[in-house]
Structure formats: structure tokens, C-alpha cells
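A.B. asks:
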Amino acid sequence: MIVVSSDARNTARMSAPSTVTSWRWLKPGTVDARDVPPNLRLFERVARPGSRFARSDGRVVRPWSRSRSSARLIVSEDARGGVMTTITAPHAHPSPAQPAPSLTRAMMPTAAEIARGRRRLHRKAGYISVLLAGSYGALVFAPVGFWLRALFGLVLAVACVSLATGVMHDGNHGAFSTNARVSRIAGWSSDLLGASSYLWRFKHNKLHHGNTNVVGYDTDIDQMPFARLAPQQPWKPWHRYQHVYMWFLYGFLTLQWFLLGDLRTLRSGKVGDHALPVRPRRRDVALISFGKLLHLTWALLIPMLFHPWWGVLAFYLSISWLVGFLLANIFQLAHCVDRAEFFTPDAPRRGADFELHQLRTTVDIRCKVPVVRDALHWMMGGLDHQVEHHLAPKLPHTTHRLAGPRLEAVCREAGVTYRVHPSITSAVRSHARWLRAMGRRPIDPPGGITP
């Protein structure tokens, strides 16, 4: 680690073994350095709380963590000793893991298109909020029978999924607004749904986006011991039947995340085998705890004031199962399919290899039926365009339909494979085939066989 202190009002310099990069002070900024990819050597710089820095090449970063006396800015370094350009500038939209190379630049909407897309995103957030509040109010307070109440519960589940994919997801990627605070507030909707946005940003933005389908790093493909989702993972005898039972278990992922995942991470300081970049501060733990209590209050305690506890619990488990099932499949159909590839930790996925890695590990979904296509796109928060999202996660999802055809065209011209499911049923069949294939006993599995 190299620690460099500097005058808060003058230009400072941070030297790497082979490079020297100049910095200048700016007002508190909008780009969070938490998006730096994991498993890289780190530089450390001491700075005033709330400050941010502009590199000489124009990229802007903000201190990783703050205290009353100082703040630390973490900047990653690659194996060659040069400071990596892994942190994007304000209002730029490529992945934090890699600045926009040719394919990503070619697909990018114009500034005007992005601005219009954000306005559509904000209107959509309003519609989702109304749908969520209305379905919840009808479910809890309306004097109706079981079947109407079940219908309201179904609508509430769809509203929760739409909130997660269409508001929370964009917010925690910094895509919801050009104002970082507004995006962070949108990201807090994850806490409303019971999952910590603080921990989600590390798990999703860093481990998943920085290491897509890399076994041992991408925790989203680690469902062991219940499922084997990659050839490099160990095989267990019960995996023979995972193509049958995993569809049911997918529904419990959100409950597992809420009840066990976040709490286990707070206790161990790790997500899987990967330590959190900084230990959560007391304020962070307090906010995580408050989010859990807020979720329990609106989802369980308030309904129990008006209905029997067993009925409330039954509806809660049913709605949570449906939300988990839908969210799990949105992810699985893009990554855990026979059209995608999986890699070991030594796979090149940084710098010039970033785009190709994302194109090899991510698959889009198309739908030819207009009404179904629009409904799925709305509920999935644009994640039927997962390739575009992985190349530019800071791009609002309401612009993905503009970026998709452009990316497909430039990939065709460049001779690069652009992977896409031709229909939603094709995507489901592809995932089912992959579950069955990974459930077969391998001849010589890398992870070994447990008899």
C-alpha cells in the first residue's frame, strides 16, 4: 500500500511504480469508488472528508470511506504497475470495470436520448410506486374475499419485482439520476424490500459485474450445495435432479438473502470467500438494521394488526416466493444457459478483454409478441437487454432498446458473436438444458466428485 497525503487546495501527485498521475481537488462529487473491481492491488490516499479528486485524464473519483478527520480513496492498480482507469467520470455510462472501448461507444445513445430515457425512468418509478402502494393497501385494508386478496397479492409481487429491477437496480448502479444522492435514494428501495443496498452494491456491482460467470468470484452463480451451475464447480449426487427441484428452490432465494445472507455477511465481513473492502461502520450497520425493521413492519407487523398472524405469514411467504422465483429467473436466463460461457479465476476479463468477456458470458432475450415483449421489458427493468447493461451499467435501462440494435449491428460488422435468445420460451428451455447438463455426473470434474 502507498499512502500519499497532500494539501487540500493544491495539485497533488500519486506515483505508481511506473506512472505518475496528477490530481486536483473538486467539490463533493457523484461517483462512488466502491465500484472498483475486487482482487486488485490497492493504492491508498488520505484526504479531507467529502472531497473528491479529478485525475489528469479527466476521470473523477470520490473517497471510499469517510471519518471526521480524514477519508481514504482507493484506486486499483494492474499487474503492469500503472494506475487502472477503472472509475468512470460523472455522466459517463460505461461499466466501472472498464472505460468504453469501440463496441460500447458504438452502441451508446446520445446525450439527448439518455436524458429522455431518464425522464421515462422517473415516470416509471412513479407508476411502480403507485402500483405498489395501491396493491398493498388493497391487500391489507380492503374488505374482500380470498380470491380478490390473492389477486392483490399477485399484483404486489409484480410491483416488488418491478421496483427491484426498474428502480433499485438502476439506483445502485448510479444510473437512476445524474445526481448521486438521488440514485442512492432510489437504491435504498432494496432495503424496503428486505435486502441491504449497501451489501448488494459490493456483491452485484463488484463481484458479479467485474467477474461475470467467473467461478469463485461471481457469487450469483454460486448456489452450492443445492445446484451446480458451472462446469468448474464440484458435482454432488443430488445434482442429477436439479433440473426438477431448482425451479421450486429459486423462490426461496430472496428469503434466504433477507434472513441469512445479509446477516451472515455482517457477521463474517465476507460475501462468499471475498472480504468486504471496508468493514461496515456503525452507521452502515444501523442503516442495514433499520431497513430490515422497516421491511418487517410494512410486510408483517402492520398486516397482523388487521388479520390473523397465520394468514399474514402465509401471504408473506407466498408473495416472497413468487418475487424470488421471478428475480432468480431474470438472472439465470441471462447467464446460466447453454449459450453462455463460464471461466476460471485466471480468465482475462480486464482492460481490452472486458467487452469480449461480457459478450461471452451474457445473453439477451427477445420476444416477438408485442404485448408480451413490452410487459416483460417493463417488469424486467430492461434486463432482457443484459448484454447492453453489462457493457454500460450506468446507462438507464429505459435506453437499452436504443442500444441493443446498434450493438448487434456493430458486433456483426466486427465478427463478434452477439448472443441472444430468440424468445422467452427459448431462454427457459436453454436454462433447463443447462441445469440438466450440469446435473450429469462429469467424467473428470475440476471440483471433484462427492459420492
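Just so it is clear: in the sequence shown, position 221 is 221 by the numbering used here, and no numbers are missing. Using N, Cα and C, we set each Cβ at its ideal position, and we do this for glycine too.
#1: Where do the ends of the alpha helix (DSSP H) carrying C411 lie?
#2: Please tell me whether L322 has its Cβ less than 9 Å away from any Cβ of chain D.
#3: If the criterion is Cβ atoms closer than 9 Å, does the pair T219 and L229 meet it?
#4: List the residues that DSSP assigns as beta-bridge partners of H477.
#5: Hey, how far is the Cα of A347 from the Cα of H209?
#6: Considering just the uninterrupted stretch of the alpha helix (DSSP H) at V285, what are its terminal residues?
#7: Between which two residues does the alpha helix (DSSP H) harbouring Y316 extend?
#8: Quick check: what's the CA-CA separation for W378 versus I443?
#9: Should R24 be labelled buried (16 or more other beta-carbon atoms within 10 Å of its own) or exposed?
#10: Beta carbon of L327, beta carbon of T254: below 9 Å?
#11: Give, in chain order, every unbroken run of the beta strand (DSSP E) that is at least 3 residues long and sits entirely within the segment 157-238.
#12: Under the rule that 16 or more other beta-carbon atoms within 10 Å means buried, what is G81, buried or exposed?
#13: Hey, S183 and G291 are a contact pair by Cβ (cut 8 Å); roughly how many whole angstroms apart?
#14: Return the chain-ordered list of same chain residues with a C-beta closer than 7 Å to the C-beta of C336, the five sequence neighbours on each side being excluded.
#15: Just to confirm the assignment, what range does the alpha helix (DSSP H) spanning R105 have?
#16: Let me know if K368 comes out buried or exposed under the rule of 16 or more other beta-carbons within 10 Å of its beta-carbon.
#17: According to DSSP, what are the bridge partners of I114?
#18: Going by DSSP in three states, D364 sits in which element: helix, strand or coil?
#19: Which stretch, first to last residue, makes up the alpha helix (DSSP H) that contains R264?
#20: Around the Cβ of N179, are there at least 16 other Cβ atoms within 10 angstroms (buried) or fewer (exposed)?
#21: According to DSSP, simplified to helix, strand and coil, what is V372?
#22: Using a 10 Å radius around the Cβ and a threshold of 16 neighbouring Cβ atoms, would you call S268 buried or exposed?
#23: Pick from L356, L131 and M224: whose alpha carbon is nearest that of C160?
#24: Could you tell me which residues DSSP puts in a beta bridge with H421?
#25: Which residues in the same chain have their Cβ closer than 6 Å to the Cβ of M380, if we skip the five residues on either side of it in sequence?
#26: When we look at the beta-carbon of Y198 and count the other beta-carbons within 10 Å, is it buried (16 or more) or exposed?
#27: Locate the alpha helix (DSSP H) running through L391, then write down its first and last residues.
#28: Measuring only the C-alpha atoms, how far is W235 from H243?
#29: Kindly give me the distance between the Cβ atoms of T362 and Q386, rounded to whole angstroms, as I take these residues to be in contact under 8 Å.
#30: Buried or exposed: where does P225 fall if 16 or more other Cβ atoms within 10 Å of its Cβ makes it buried?
#31: Can you find the residues in the same chain that come closer than 6 Å, C-beta to C-beta, to R349, ignoring five residues on each side of it along the sequence?
#32: Give the single residue among N213, P345, F315 and A175 whose Cα lies nearest to the Cα of L121.
C.D. replies: This is what the structure gives:
#1: C411 -> alpha helix (DSSP H) spans H400 to A414.
#2: In summary, chain D is missing from the structure at hand, where a single protein chain is found.
#3: The answer is no: Cβ separation not under 9 Å.
#4: Here the chain comprises residues numbered 1 to 451, so residue 477 is not present and cannot be evaluated.
#5: Going by the C-alpha atoms only, they are around 14 Å apart.
#6: In the DSSP annotation of this structure, the continuous segment of the alpha helix (DSSP H) that includes V285 starts and ends at R282 to L296.
#7: In the DSSP assignment, Y316 falls within the alpha helix (DSSP H) that extends over W309 to H335.
#8: If I take the Cα positions, the gap works out to 43 Å.
#9: With a pLDDT of 34 at R24, under the threshold of 50, the modelled position of this residue cannot be trusted; read the value that follows with caution. Exposed, because fewer than 16 other Cβ atoms sit within 10 Å of the Cβ of R24.
#10: Yes, Cβ-Cβ distance for L327 and T254 is below 9 Å.
#11: Within the segment 157-238, no complete beta strand (DSSP E) run reaches 3 residues.
#12: Confidence at G81 is low in this model, with a pLDDT of 29, below 50, so its placement is unreliable and no value can be given for it.
#13: Actually they do not touch by this definition, with Cβ atoms about 17 Å apart.
#14: Short of 7 Å from the beta carbon of C336, and not among the five residues preceding or following it, lie these beta carbons of its own chain, in chain order: I221, L229, H431 and W434.
#15: Note, R105: alpha helix (DSSP H), S102 to M107.
#16: By the neighbour-count criterion, in which 16 or more other beta carbons inside 10 Å mark a residue as buried, K368 falls on the exposed side.
#17: Within the DSSP bridge table, the entry for I114 names no partner.
#18: Residue state, collapsed to three classes: strand.
#19: Here the alpha helix (DSSP H) through R264 covers D262 to S268.
#20: With fewer than 16 other Cβ atoms within 10 Å, it is exposed.
#21: Secondary structure at V372: helix, using DSSP grouped into helix, strand and coil.
#22: Exposed, because fewer than 16 other Cβ atoms sit within 10 Å of the Cβ of S268.
#23: The residue with the shortest Cα to Cα distance from C160 is L131.
#24: For H421, which the question treats as bridged, DSSP gives the partners I365.
#25: Excluding positions up to five away in sequence, the list reads T165 and I330.
#26: Answer is buried; the Cβ neighbour count reaches 16.
#27: Per DSSP, L391 belongs to the alpha helix (DSSP H) from Q386 to L391.
#28: Answer to the nearest angstrom: the Cα atoms are 14 Å apart.
#29: Correct: roughly 5 Å between the Cβ atoms.
#30: Exposed, because fewer than 16 other Cβ atoms sit within 10 Å of the Cβ of P225.
#31: So the qualifying residues of the chain are H357.
#32: Cα-wise, what sits closest to L121 is A175.
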